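Notes follow the structure.
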Amino acid sequence: MKIDLKSIQHSVFASQETNCYTANLYVDGRKIGTVGNDGHGGCDYFHGDQAAYAAVDTWCRANLPKWTGFKADPIDTDLEHHCGTLFDDWLAARHLRSTLRTNVLFVKSDDGRLYQVRHRGKIEATISAVACQHPGANILNGQPFDAALALYRAGTAP
């Protein structure tokens with residue numbers, strides 16, 4: 007089952023305890039409704055085909071990997087949690103695209119952390135300098151976006 011969020015709108019200023027967003031929810035290419043969160047710490051909301059939402063929620067609980075909350079007990083991944091994960095992925099990809107426009111990003115091989123250097127329009131020279139100063143560093147610029155995003159997410163994890 008393919009679950010997508012499209013037409014995502016994010017409000018940074020209204021995000022307090024949770025991300026304030028709205029998005030169209032698509033399942034297997036068909037729009038079943040709109041999901042979102044008001045950004046005040048509550049649950050996500052859904053407007054649309056409730057029967058389709060319930061069916062997809064059941065599928066998510068049965069097929070997506072479980073996650074661990076504050077207690078060590080595994081918790082089913084419901085559709086609300088999955089939509090939150092999809093939104094977080096979208097937000098990380100958006101931030102990476104923005105950062106790559108002005109910076110050279112790299113992950114050092116010795117500590118696995120993410121670093122950035124402003125390239126000021128001289129991207130090739132900055133990439134060469136980083137490669138010389140940090141041999142073995144994994145430079146995100148120029149990599150396929152999905153690979154760069156995976157390195158970016160791993161390097162920014164707490």
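In case it helps, this note's numbering puts the sequence shown at residues 7 to 164. In this text, a Cβ means the ideal position worked out from N, Cα and C, and glycines have one as well. Remember, predicted model here, so these are calculated numbers, not experimental data.
- The C-alpha of Pro141 is placed about 40 Å away from the C-alpha of Lys8.
- In the three-state reduction of the DSSP assignment, His87 falls in the helix class, which pools H, G and I.
- Inter-residue distance for Val110 and Thr91 is about 26 Å (C-alpha atoms, whole angstroms).
- In terms of CA proximity to His53, Asn30 leads the group Asn30, Asn144, Ile145 and Phe19.
- Across the structure, Lys12 and Gly47 are spaced so that their CA atoms are roughly 22 Å apart.
- In its chain, beyond the 5 residues on either side, Val110 and Asn147 have a beta carbon closer than 7 Å to the beta carbon of Ile129.
- Pairing Val113 with Arg124, the inter-Cα distance amounts to about 15 Å.
- Here Phe52 carries a strand assignment [DSSP, helix/strand/coil].
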